[in-house]
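Report on the structure given below.
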Amino acid sequence: MTGHHWGYGEDNGPSAWYKVYPIAEGNRQSPIDIVPADAVFDARLSPISLSYNNCTSVSISNNGHSVVVEFIDSDERSVIRVGPLENMYRLKQFHFHWGGKGCRGSEHTVGGKTYASEIGDEHRALHQITDALYMVKFKGSVTDFKGFNPKCLLPNSLEYWTYPGSLTTPPLYESVTWILLKEPIYVSEKQMGKFRTLLFNGEEEDDRKRMENNFRPPQPLRGRTVRASFK
Ligand SMILES: [Zn+2]
């Protein structure tokens, strides 16, 4: 693996990232496996408060690692305030990680269980995203994606676990306070199939690789405590 050519392949995938990004073997790397029985309830963890009402999505793009929905973050229109975070945070973007098969692909796991495309009711809001994916098939493609409210992707319950971690892609900075909602949302196999029509490559490249298995596996906890907002 050389320079910034990290990816999810055999030679440049998560197990090779440490060669260019030594912090990959650091003490607070993400994702992790959440073990619910080991999480410590903390009454000081206040509920999540989201103001995404006037939230403005701008675009959807394929960056060669994932599909990313970006938001205007120049003002306070879409912010999150939550127990472990002292300040307000603006929503800048969200993106996805998924597997090549139905039942794996999530980065964080819970009790050793991996999540991806649970078979269940399709998440209707996700349609807006999956219906736009054909426009960002290739790395580097971008298209308008306006008026999407990320609130509609959230489950009913906002109970969460939180722990100190890192970015899950290079440069893997250990600067992230992770907040993981306990309740999963459901994605249909058909919707997952649309994610798998994306490519890791640009349009000009001949060697086409389906974008899938773009997740990092769980990393060692190394003494960190996972706190829970619920009993
Ligand atoms: Zn990610």
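Residues in the sequence shown are numbered consecutively from 602, following this note's numbering. Heads up, the beta-carbon is just placed ideally off N, CA and C, and yes, glycines get one too.
- Within its own chain, the residues whose Cβ lies closer than 6 Å to the Cβ of E804, once the five positions on either side in sequence are excluded, are F739, listed in chain order.
- Contact between the stretch 630-646 and the stretch 662-675 is absent: fewer than three C-beta pairs spanning the two stretches fall below 8 Å.
- Under the three-state reduction of DSSP output, Y653 falls in the coil class, being neither helix nor strand.
- Excluding five sequence positions before and after S758, the CB atoms of its chain that fall closer than 7 Å to its own CB belong to K783, E784, given in chain order.
- In the three-state DSSP reduction, P771 falls in the coil class, being neither helix nor strand.
- In the DSSP assignment, G741 falls outside any alpha helix (DSSP H) and carries neither an H nor an E.
- A buried status is given to F697, since no fewer than 16 other beta-carbon atoms sit within 10 Å of its beta-carbon.
- Distance from the CA of R828 to the CA of W779, rounded to the nearest whole angstrom, comes to 11 Å.
- In the same chain as N814, and ignoring 5 residues on each side of it, the C-beta atoms closer than 6 Å to its own belong to Y609, G700, G701, in chain order.
- One thing to note: K693 has its Cβ within 8 Å of the Cβ of D674.
- F697 sits in coil when the DSSP states are folded into three classes, being neither helix nor strand.
- Short note on H696: C-beta closer than 7 Å to some heavy atom of ligand 1.
- The Cβ atoms of Y761 and I649 sit closer than 8 Å to each other.
- With a cutoff of 8 Å on beta-carbon distance, R645 and R825 are scored as not near each other.
- Burial is judged here by how many other beta carbons sit within 10 angstroms of a residue's own beta carbon; F816 has at least 16 and is buried.
- DSSP lists D634 as the bridge partner or partners of T710.
- Distance from the CA atom of Y774 to the CA atom of G706, rounded to whole angstroms, is 22 Å.
- Straight across, the Cα-Cα distance linking L754 with A733 is about 16 Å.
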